[in-house]
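Enquirer:
Number of protein chains: 2
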Amino acid sequence: MAARVKKDESPRTPLTPERVVSAAIELADEKGVAKLTMRGLAASLGVEAMSLYYHFANKGKILDAMVDAVFAEVELPAKDDEWKPAMRARAGSLRSVLLDHTWAIALMDSRPDPGLGTITHHDAIIGCLRSAGFSMSLTAHAFSVIDSYVYGFVSQESGLPFQSSEELADVAGGIIESLPVEQFPHFSEMVAAYYLHPEYSFAEEFLVGLDLILDGLERLRAAEVSDGES
Amino acid sequence: MAARVKKDESPRTPLTPERVVSAAIELADEKGVAKLTMRGLAASLGVEAMSLYYHFANKGKILDAMVDAVFAEVELPAKDDEWKPAMRARAGSLRSVLLDHTWAIALMDSRPDPGLGTITHHDAIIGCLRSAGFSMSLTAHAFSVIDSYVYGFVSQESGLPFQSSEELADVAGGIIESLPVEQFPHFSEMVAAYYLHPEYSFAEEFLVGLDLILDGLERLRAAEVSDGES
DNA sequence: ACCTGAACACCGTTCAAGT
DNA sequence: ACCTGAACACCGTTCAAGT
């Protein structure tokens, strides 16, 4: 009640864009983006909702900043790493960052304004590929196919209502039971014989596809070098 | 004002789940999912918002049904089509359906309950690959890598704030201008030299990556056949 | 069986006002 | 400069009530 908050023990640390964004990311990680409200976010910072509007024009700007911050978490290749292990490691890092912040994938679709974190990221990747002798157009192809694959894979992986393979078995079992098996013979067979197998692993499935793509790019690069393109 | 709607000219056709779902899809196509509200959807059907709750438990169920209906639009391979052209055509069909209903990708992430349309779809694809001699595990790999790629590609493509390559040039030009070029040399070079090129085309970029993947699968299949796996 | 009105507990955002 | 209270125009959903 009383106005007794003197001494410089800073009654509360002042709001900054950075504090807002990291609180927002934390909140989204815990409860999902759907539950990320201006009022809830403000409360988690010990402040009123309207204070946020002093630092951000609207909720959309906060979402943009969250996406950019997530991107900045991804490990970047050094410019003269070998391209293949570098791309492989970076794809794995991107996957794990996106799995940590599953809401980010859906957000990226709806807010394409690239921030500085995103551009820094892109620049490093293009640089690594160009140094490895990729032509401009092959660099663009490589970037497109790798990123499409990673986003698509993680978005399917994270959309599924389970994490461990035991949970997978439970869910898949449930689906199978309630399904007219004779109407979907191949699907049923597949679920029963493959996804229910205890050693099924998203991490391995991810690497199979990724290596298929990287090997394909390696072949294109070799062909390009022998053709002498730029 | 008066109660004058007799004769069986049916003052309004009765609500059915199908009518609700197709009105919802139309509305989402026109204005985006964000603008798809229970009140707005009801209004577009000449009905009050609460009427929808007689046919669907909640908004989530409507979203589930929308996703399933979109999936049912995708062209399916016949069981004994050659696998490669069949997968190529189906990937193209999936891309174009998803481009027609860009909201569907984001929705699929958040609502993984597969409906009958989705399962029918999966069943046909698995059947086609199995008939072509793919082992169970290679079928799973193929499915995973192709779909991940298509979803990821389209989600990036549709997230961009332009459609034609002239618009691309405009936007990319704007980004470049406002960017500290010396800080992002590779990114700037790429945008200037490649994406700004007038003949850049998403459709072609899509096919380059897709064919890279299909060729890789072909190689794995050949290796499998000569090994005699099942 | 099918549809509705009123009401509840929420949203994001504005605007004028406080310190 | 930084934060806030009250208010506005929205949401999804419940529940009792109408035909």
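Protein sequence lines correspond, in order, to chains A and B. For reference, each letter of the first sequence is one residue, going 32 to 261 in the working numbering. For reference, each letter of the second sequence is one residue, going 32 to 261 in the working numbering. Every residue gets a Cβ at the ideal spot worked out from N, C-alpha and C, and that includes glycine. In this text, all values refer to a predicted model and were calculated from it rather than measured experimentally.
List the residues of chain B whose Cβ lies closer than 7 Å to the Cβ of H153 (chain A), in chain order.
Expert: Counted from its first residue, the first sequence places residue 153 (chain A) at position 122. What H153 (chain A) touches in chain B: F218.
Enquirer: Skipping 5 residues on each side, what residues in its chain have a beta carbon closer than 6 Å to that of L107 (chain A)?
Expert: The sequence position of residue 107 (chain A) within the first sequence is 76, counting from 1. Excluding sequence neighbours, L107 (chain A) sits near A155.
Enquirer: Counting contacts by CB-CB distance shorter than 8 Å, is E249 (chain A) in contact with chain B?
Expert: Mapped onto the first sequence, residue 249 (chain A) falls at position 218. Cβ-Cβ to chain B under 8 Å: no for E249 (chain A).
Enquirer: With a threshold of 16 other CB atoms inside 10 Å of the CB of S133 (chain B), please say whether the residue is buried or exposed.
Expert: As a first step, residue 133 (chain B) must be located in the second sequence, where it is residue number 102. The question names Ser, but residue 133 (chain B) is Thr in the sequence shown. The residue is buried, with at least 16 neighbouring Cβ atoms inside 10 Å.
Enquirer: Could you tell me the alpha carbon to alpha carbon distance between A73 (chain B) and V51 (chain B), rounded to whole angstroms?
Expert: Taking the second sequence and counting its residues from 1, the one referred to as residue 73 (chain B) is at position 42. Taking the second sequence and counting its residues from 1, the one referred to as residue 51 (chain B) is at position 20. Distance between the alpha carbons of A73 (chain B) and V51 (chain B) is about 8 Å.
Enquirer: Going along chain A in order, which residues have a C-beta closer than 8 Å to the C-beta of L243 (chain B)?
Expert: What you label residue 243 (chain B) is simply residue 212 of the second sequence in a count that begins at 1. The contacting residues are H172, V176, I244, G247, L248, L251.
Enquirer: Is the shortest distance between the beta-carbon of A265 (chain A) and the beta-carbons of chain B less than 8 Å?
Expert: Outside the displayed span of chain A (32 to 261) sits residue 265 (chain A), for which this structure offers no information.
Enquirer: From S232 (chain A) to S82 (chain A), what distance separates their C-alpha atoms?
Expert: Translated into positions along the first sequence, residue 232 (chain A) becomes position 201. Translated into positions along the first sequence, residue 82 (chain A) becomes position 51. Using only the alpha carbons, I get a separation of about 45 Å.
Enquirer: Tell me whether P48 (chain A) is buried or exposed, calling it buried when 16 or more other Cβ atoms sit within 10 Å of its Cβ.
Expert: Taking the first sequence and counting its residues from 1, one reaches residue 48 (chain A) at position 17. Classification for P48 (chain A): exposed.
Enquirer: Taking DSSP as the reference, what is the three-state secondary structure of H152 (chain A)?
Expert: Taking the first sequence and counting its residues from 1, the one referred to as residue 152 (chain A) is at position 121. Of the three classes helix, strand and coil, the one that applies to H152 (chain A) here is helix, per DSSP.
Enquirer: Assuming contact is defined by CB atoms lying nearer than 8 Å, are M97 (chain A) and L138 (chain A) in contact in what I supplied?
Expert: Within the first sequence, the letter at position 66 stands for residue 97 (chain A). Within the first sequence, the letter at position 107 stands for residue 138 (chain A). In contact: M97 (chain A) and L138 (chain A) (Cβ atoms closer than 8 Å).
Enquirer: First and last residue of the alpha helix (DSSP H) that includes H217 (chain A)?
Expert: One-based indexing of the first sequence puts residue 217 (chain A) at position 186. Start and end: 216-221.
Enquirer: For E188 (chain B), is the classification buried or exposed, using 16 other Cβ atoms within 10 angstroms of its Cβ as the cut-off for buried?
Expert: As a first step, residue 188 (chain B) must be located in the second sequence, where it is residue number 157. The residue in question, E188 (chain B), is buried, as its Cβ has 16 or more Cβ neighbours within 10 Å.
Enquirer: Take V163 (chain B) and list the residues in its own chain whose beta-carbon comes closer than 8 Å to its own, dropping the five residues that flank it on each side.
Expert: Looking up residue 163 (chain B) in the second sequence gives position 132. Note that residue 163 (chain B) is Ala in the sequence shown, not Val. E113, W114, R252.
Enquirer: Does the CB of D201 (chain B) have a neighbour CB from chain A at under 8 Å?
Expert: Translated into the one-based positions of the second sequence, residue 201 (chain B) becomes position 170. So no, D201 (chain B) is outside the interface.
Enquirer: For S168 (chain B), decide whether its Cβ has a neighbour in chain A, counting only Cβ atoms nearer than 8 Å.
Expert: Walking along the second sequence from the start, residue 168 (chain B) turns up at place 137. Closer than 8 Å to some Cβ of chain A, the Cβ of S168 (chain B) qualifies, so yes.
Enquirer: Could you work out which residues of chain A lie near F262 (chain B), taking near to mean beta carbons separated by less than 9 Å?
Expert: Because chain B is modelled from 32 through 261, residue 262 (chain B) falls outside the range shown and cannot be assessed.
Enquirer: Report the rounded CA-to-CA distance for E220 (chain A) versus G204 (chain B), giving the unit in angstroms.
Expert: The count along the first sequence starts at 1 and reaches residue 220 (chain A) at position 189. The count along the second sequence starts at 1 and reaches residue 204 (chain B) at position 173. Their backbone Cα atoms lie some 52 Å apart in a straight line.
Enquirer: Helix, strand or coil, according to DSSP, for G146 (chain B) in the structure here?
Expert: Position 115 of the second sequence, counted from the first residue, corresponds to residue 146 (chain B). Three-state result, G146 (chain B): coil.
Enquirer: Within 8 Å (strictly less), CB to CB, does A34 (chain A) reach chain B?
Expert: As a working note, residue 34 (chain A) is residue 3 in the first sequence. No answer about A34 (chain A) holds up, because its pLDDT of 34 lies below 50 and its placement is not dependable.
Enquirer: For G247 (chain B), count neighbouring C-beta atoms within 10 Å of its own C-beta (all shown protein chains included) and say buried if the count is 16 or more, exposed if not.
Expert: Within the second sequence, residue 247 (chain B) is the residue found at index 216, counting from 1. So G247 (chain B) ends up on the buried side.
Enquirer: Would a check of beta-carbon distances place E255 (chain B) closer than 8 Å to chain A?
Expert: Working through the second sequence from its first residue, we reach residue 255 (chain B) at position 224. E255 (chain B) does not count as touching chain A.
Enquirer: So that I know if they touch, is there some Cβ in chain A lying closer than 8 Å to that of F184 (chain B)?
Expert: As a working mapping, residue 184 (chain B) is identified with position 153 in the second sequence. For F184 (chain B), the answer is yes, since a Cβ of chain A falls inside 8 Å of its Cβ.
Enquirer: So which residues of chain B does Y180 (chain A) contact, with C-beta pairs closer than 9 Å?
Expert: As a first step, residue 180 (chain A) must be located in the first sequence, where it is residue number 149. By Cβ distance, chain B contributes V176, S179, Y180, G183, F184, G240, I244.
Enquirer: Would you mind sorting R35 (chain A) into buried or exposed? The rule is 16 or more other CB atoms within 10 Å of its CB.
Expert: For the purposes of this step, residue 35 (chain A) is taken as the residue at position 4 of the first sequence. Here R35 (chain A) scores only 35 on pLDDT, less than 50, and its place in the model should not be relied on; the value that follows carries that caveat. Exposed is the call here.
Enquirer: Write down the C-beta distance between I244 (chain B) and V176 (chain B) rounded to the nearest angstrom, noting that I regard them as a contact closer than 8 Å.
Expert: In the second sequence, counting from the first residue as 1, residue 244 (chain B) sits at position 213. In the second sequence, counting from the first residue as 1, residue 176 (chain B) sits at position 145. Right, their Cβ atoms sit about 6 Å apart.
Enquirer: Is the distance from the Cβ of I157 (chain B) to the Cβ of T170 (chain B) below 8 Å?
Expert: Working through the second sequence from its first residue, we reach residue 157 (chain B) at position 126. Working through the second sequence from its first residue, we reach residue 170 (chain B) at position 139. Going by C-beta atoms, I157 (chain B) is nearer than 8 Å to T170 (chain B).
Enquirer: Is DSSP giving F237 (chain B) helix, strand or coil here?
Expert: In the second sequence, counting from the first residue as 1, residue 237 (chain B) sits at position 206. Helix, per DSSP.
Enquirer: Return no unless some Cβ of chain A is closer than 8 Å to the Cβ of F215 (chain B).
Expert: Stepping through the second sequence from its first residue, residue 215 (chain B) is reached at position 184. By this cut-off, F215 (chain B) is an interface position.
Enquirer: Could you tell me which of A:V222, A:E230, A:Y84, A:A234 sits nearest to I207 (chain A), measuring between CA atoms?
Expert: Residue 207 (chain A) sits at position 176 when you count from the first residue of the first sequence. Residue A:V222 is the option with its Cα nearest to I207 (chain A).
Enquirer: Quick check: the Cα distance between E273 (chain A) and A80 (chain A), rounded to an integer number of angstroms?
Expert: Only positions 32 to 261 of chain A appear in this structure, which leaves residue 273 (chain A) out of reach.
Enquirer: Taking I157 (chain B) as the query, report the chain A residues whose CB atoms sit under 7 Å from its CB, ordered along the chain.
Expert: Taking the first residue of the second sequence as position 1, residue 157 (chain B) is located at position 126. Ordered by position in chain A, the residues that pass the 7 Å Cβ test against I157 (chain B) are H217, F218, M221.
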